[in-house]
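Visitor: Each number in our numbering corresponds to the 1-based position in the sequence shown with 259 added. Here's a structure for you.
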Amino acid sequence: MSDVIVLGAGVIGSAIAYHLARDGASVTLVDTAHAAASKPAASWASAGGLRSQGRHSQDQPITKVAAQRWKTLSDELDANLEASFGGHLHIAETDSDVAVVESRIASDTDAGLPIERVTGARLREIVSTITENALVGAYTHGDGQAHPGRTARAFARAAERLGARIVFGQDATIEACGDEIGKIILADGSSLSAGTVVMATGAWSIDLLASLGIALPLRWRGLQMLLSDVAEQQLAPTVTAVGRNLSLKQTPSGEFMIGGRWIAAPAPRGIDSTCIDAHVARQWSGAAAILPALRARRLAQAWSGVEAQSIDSLPFIGRTDIAGLYLATGFSNHGFQISPQIGALVASDILGERQPLLAPFDPHRHRGAAAETIAAFLSEPIDC
Ligand SMILES: Cc1cc2nc3c(=O)[nH]c(=O)nc-3n(C[C@H](O)[C@H](O)[C@H](O)COP(=O)(O)OP(=O)(O)OC[C@H]3O[C@@H](n4cnc5c(N)ncnc54)[C@H](O)[C@@H]3O)c2cc1C
């Protein structure tokens with residue numbers, strides 16, 4: 260019997276397992292897939308952006324510490340996470356967009372984040388090939404990118420080196436005994452038990468929660484990503500733009516990677532998705548409008564992965580009404596940047612040191628919310 264079983268070896272579950280093992284707990288990390296961050300998990304598909312600006316006020320304190328941890332995480336985990344820190348640039352193309360960027364700069368400055376207002380020559384010094392339409396930018400120089408799959412696998416391997424047991428290739432179901440957590444039943448018929456079970460199963464959490472009679476305002480969506488062919492290095496920061504579904508970066512090997520919350524089509528059955536051609540075309544042209552150099556490139560790859568989204572875009576982290584069941588799910592399209600610090604905070608919280616920074620993510624926070632609002636969120640049509 261372990262102290263803690265972590266279900267799900269995406270970047271969140273793997274980070275939690277690593278920090279628990281580092282803090283002396285006996286841990287078992289379980290995943291349906293044969294490796295951490297496997298298709299179609301969010302951590303497999305993710306863009307890997309490390310953006311600290313423009314965050315929700317509730318996760319900003321965590322983001323700030325996470326940004327520092329990313330600087331040394333490759334060394335800490337003894338792995339090449341392909342982390343680079345070219346900054347993040349959020350641009351405005353119209354006068355009304357400028358007001359949005361100014362407001363982001365004001366609120367992030369108030370929150371103590373070093374953020375620079377950039378225009379003209381300074382803006383083009385950061386990205387020389389940016390669209391002529393870029394009027395003003397918000398620039399955070401310490402932000403960057405890393406490889407999500409490598410990061411999840413590095414956390415899992417580091418957990419294993421610290422003594423964690425890894426059980427991959429086994430779908431897990433959870434038994435509850437009344438209002439207490441019971442056994443974890445694995446696909447091969449064997450079972451595991453622990454004082455605490457952490458559900459870090461991303462999009463799959465919805466069905467697992469339902470099997471335990473827990474209903475949360477949580478849904479899943481497929482999100483698509485594009486990759487260009489290899490180009491000369493010319494884009495150091497990650498880039499977003501007001502009013503556009505866009506995240507744009509250049510990988511260390513030279514491809515442009517384009518995200519921006521473009522929805523993929525849900526698979527007819529099960530939890531998976533496929534790219535939508537019309538969305539691929541608009542995703543690409545939106546990116547080329549911001550970085551015209553993309554017009555000379557070709558699309559090399561498109562993929563999609565599944566993400567759990569909560570009604571307020573904040574994760575559900577903490578204890579539930581089932582004693583021993585702890586949630587860490589619903590990271591709503593922005594869980595990668597905060598993953599190292601979520602791992603540290605959740606491990607401490609489970610091992611007895613309550614973490615006030617996790618309070619805004621209480622799984623019970625929507626109790627009493629209007630049923631119609633929740634129903635509308637859960638049934639919102641997917642624009643295919
Ligand atoms: C396309 C895309 C782009 C993104 N870009 C960014 C970005 O630039 N920056 C950022 O910060 N965030 C980004 N995100 C969000 C971020 O990647 C996710 O929030 C994060 O990866 C979520 O990780 P997770 O571990 O919670 O879930 P997942 O990675 O989905 O992992 C869940 C795991 O649970 C396992 N599992 C499921 N059911 C079971 C079961 N019954 N038993 C055992 N195991 C099970 C699955 O196999 C899977 O490995 C992006 C997400 C997507 C989809």
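Even glycine gets a Cβ: it sits at the ideal position worked out from N, Cα and C. As the structure is a computational prediction, the values presented were derived from the model and not from experiment.
1) Measuring alpha carbon to alpha carbon, tell me which residue in Glu419, Val324, Gln312 and Val489 is nearest Ser366.
2) Among all the DSSP beta bridges, which residues are the ones paired with Cys436?
3) Expressed to the nearest angstrom, what Euclidean distance is found between the alpha-carbon atoms of Lys442 and Ala540?
4) Does the contact criterion of 3 or more C-beta pairs under 8 Å hold for the segment 309-325 versus the segment 433-452?
5) When you measure from the CB of Gly518 to every non-hydrogen atom of ligand 1, does any distance come out below 7 Å?
6) Going along the chain, which unbroken runs of the alpha helix (DSSP H) with 4 or more residues stay wholly within the segment 351-415?
7) Of the choices Val565, Trp521 and Thr497, whose alpha-carbon is the least far from that of Gly403?
8) Please list the segments of the beta strand (DSSP E) lying wholly inside the segment 452-517, counting only runs of 3 or more residues, in order along the chain.
9) Just grab the DSSP bridge partners of Val565 for me.
10) Can you grab the Cα-Cα spacing for the pair Gly518 / Ser607, in whole Å?
11) DSSP three-state label for His278, please.
12) What does the alpha-carbon distance come out to for the pair His206 and Ala567?
13) Would a C-beta distance cut-off of 8 Å place Thr588 and Met458 closer than the cut-off?
14) Could you compute how far the alpha carbon of Ala675 sits from the alpha carbon of Thr533?
15) In whole angstroms, give me the CA-to-CA distance for Gly267 and Ala418.
16) Can you tell me which of Pro574, Leu604, Pro615 and Ala276 puts its alpha carbon nearest to the alpha carbon of Pro622?
17) Please state the DSSP three-state secondary structure of Ala306.
18) Let me check you understand the geometry: is the CB of Ser302 closer than 7 Å to at least one non-hydrogen atom of ligand 1?
19) Note the first and the last residue of the continuous alpha helix (DSSP H) segment covering Thr322.
20) Report the residue from Pro476, Gly371, Asp282 and Ala295 whose alpha carbon sits nearest the alpha carbon of Phe427.
21) Can you give the beta carbon distance from Leu486 to Gln560, rounded, assuming they're within the 8 Å contact cut?
22) Would you kindly report the start and end of the unbroken beta strand (DSSP E) that includes Thr287?
23) Cutting at 6 Å between CB atoms, please list the residues of its own chain near Ile425, excluding the five before and the five after it.
24) Can you give me the Cβ contacts of Ala413 inside the same chain, cut-off strictly under 7 Å, excluding the 5 residues immediately before and after it?
25) Should Phe590 be listed as close to ligand 1, given that the test is whether its C-beta is under 7 Å from any heavy atom?
26) Report yes if the CB atom of Trp463 is closer than 8 Å to the CB atom of Ile522, and no otherwise.
27) Could you pull out every residue in the same chain whose Cβ sits closer than 8 Å to the Cβ of Gln317, ignoring the five residues on either side in sequence?
Guide: Once the coordinates are examined:
1) Position 107 of the sequence shown, counted from the start, is the residue given in the question as residue 366. Ranking the options by Cα distance to Ser366, first place goes to Gln312.
2) Here residue 436 is taken as the residue at index 177 of the sequence shown, counted from 1. DSSP, once it has assigned bridges, lists Glu439 as partnering Cys436.
3) Residue numbering aside, residue 442 sits at position 183 when the sequence shown is read from its first letter. Residue numbering aside, residue 540 sits at position 281 when the sequence shown is read from its first letter. Lys442 and Ala540: Cα-Cα distance of roughly 47 Å.
4) No, the segment 309-325 does not touch the segment 433-452.
5) Taking the sequence shown and counting its residues from 1, one reaches residue 518 at position 259. Correct: Gly518 has its Cβ closer than 7 Å to ligand 1.
6) If we require 4 residues or more, the alpha helix (DSSP H) runs fully inside the segment 351-415 come out as 354-369 and 379-385.
7) Within the sequence shown, numbered from 1, the residue matching residue 403 stands at position 144. Looking from the CA of Gly403, the closest CA among Val565, Trp521 and Thr497 belongs to Thr497.
8) Fully enclosed beta strand (DSSP E) runs of 3 or longer: 453-458, 477-489, 497-500 and 506-509.
9) By one-based count along the sequence shown, residue 565 stands at place 306. Paired residue(s): Ala300 and Gly481.
10) Taking the sequence shown and counting its residues from 1, one reaches residue 518 at position 259. Taking the sequence shown and counting its residues from 1, one reaches residue 607 at position 348. Going by the C-alpha atoms only, they are around 33 Å apart.
11) Numbered from 1 along the sequence shown, position 19 holds the residue referred to as residue 278. The answer is helix: DSSP assigns His278 an H, G or I state.
12) The chain is shown only over 260 to 643; residue 206 falls outside these bounds and no answer can be derived.
13) As a first step, residue 588 is located in the sequence shown; it is residue number 329 there, counting from the start. As a first step, residue 458 is located in the sequence shown; it is residue number 199 there, counting from the start. Taking 8 Å as the cut-off, the Cβ atoms of Thr588 and Met458 count as close.
14) Here the chain covers residues 260 to 643 and nothing more, so residue 675 does not appear.
15) Locating residue 267 in the sequence shown gives position 8, where the first residue counts as 1. Locating residue 418 in the sequence shown gives position 159, where the first residue counts as 1. If you take the alpha carbons of Gly267 and Ala418, they lie about 14 Å apart.
16) Within the sequence shown, the letter at position 363 stands for residue 622. With distances taken between Cα atoms, Pro622 lies closest to Pro574.
17) The residue given as residue 306 occupies position 47 in the sequence shown. Residue state, collapsed to three classes: coil.
18) Here residue 302 refers to the residue found at position 43 when the sequence shown is read from its first residue. Yes, the Cβ of Ser302 comes within 7 Å of a heavy atom of ligand 1.
19) Walking along the sequence shown from the start, residue 322 turns up at place 63. Note, Thr322: alpha helix (DSSP H), Gln319 to Leu336.
20) Here residue 427 is taken as the residue at index 168 of the sequence shown, counted from 1. The option with the nearest alpha carbon to Phe427 is Ala295.
21) Taking the sequence shown and counting its residues from 1, one reaches residue 486 at position 227. Taking the sequence shown and counting its residues from 1, one reaches residue 560 at position 301. That belief holds up - the Cβ atoms of Leu486 and Gln560 are roughly 4 Å apart, short of 8 Å.
22) For the purposes of this step, residue 287 is taken as residue 28 along the sequence shown, with counting starting at 1. It spans Val286 to Asp290 - the beta strand (DSSP E) in which Thr287 sits, taken as one unbroken run.
23) Position 166 of the sequence shown, counting from 1, holds the residue named residue 425. These residues qualify, in order along the chain: Leu288 and Glu419.
24) Here residue 413 corresponds to residue number 154 of the sequence shown, with the count starting at 1. Leu336, Ala338 and Leu340.
25) Counted from its first residue, the sequence shown places residue 590 at position 331. Checking every heavy atom of ligand 1 against the Cβ of Phe590, one is found closer than 7 Å.
26) The sequence position of residue 463 within the sequence shown is 204, counting from 1. The sequence position of residue 522 within the sequence shown is 263, counting from 1. Ile522 is positioned such that its CB atom lies no closer than 8 Å to that of Trp463.
27) Sequence index remark: in the sequence shown, residue 317 carries index 58 (1-based). Excluding five sequence positions before and after Gln317, the CB atoms of its chain that fall closer than 8 Å to its own CB belong to Leu573, Pro619 and Phe620, given in chain order.
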